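S.K.:
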Amino acid sequence: MKIELTKKEVGTIKCALARYKEFCDNCVSAFKGTGHDDYYKGRKEETEKLQEKFYTITNNAEIDNNEG
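Numbers in the numbering used here are just positions in the sequence shown, counted from 1, shifted up by 370.
#1: Please list the segments of the beta strand (DSSP E) lying wholly inside the segment 380–407, counting only runs of 3 or more residues, in order along the chain.
#2: Flag this pair as yes or no: are the beta carbons of Lys378 and Gln421 separated by less than 9 angstroms?
#3: Can you have a look at Lys414 and say buried or exposed, based on whether 16 or more other CB atoms are within 10 angstroms of its CB?
#4: Could you tell me the alpha carbon to alpha carbon distance between Asp395 and Lys419, rounded to whole angstroms?
#5: So, at 7 angstroms on beta carbons, what are the nonlocal neighbours of Val398 in its own chain, with the 5 sequence-adjacent residues on each side left out?
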């Protein structure tokens, strides 16, 4: 399967993943000791794995530099 992304789309996805990870960090802190923090720890770990995969894919891919 081939997915074509522009440089702008790659940047948007990387930014969204980073913001979601930050959101999970904040939730882990906010819900610490309530039992809900485990859920956000899991989501944070999943997001980190996804980020790693995405960076690996995009760093090894040919990115279309056309913005249109």
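Just so you know, even glycine gets a beta-carbon here, dropped at the ideal spot from N, CA and C.
In this text, all values refer to a predicted model and were calculated from it rather than measured experimentally.
M.R.: Taking the coordinates as given:
#1: none
#2: Here residue 378 refers to the residue found at position 8 when the sequence shown is read from its first residue. Here residue 421 refers to the residue found at position 51 when the sequence shown is read from its first residue. Cβ atoms of Lys378 and Gln421: not closer than 9 angstroms.
#3: Stepping through the sequence shown from its first residue, residue 414 is reached at position 44. It is buried - the Cβ of Lys414 has at least 16 other Cβ atoms within 10 Å.
#4: Counting from one through the sequence shown, the residue named residue 395 turns up at place 25. Counting from one through the sequence shown, the residue named residue 419 turns up at place 49. Their backbone Cα atoms lie some 15 angstroms apart in a straight line.
#5: Numbered from its first residue, the sequence shown carries residue 398 at position 28. The residues are Asp407, Tyr410, Lys411, Lys414.
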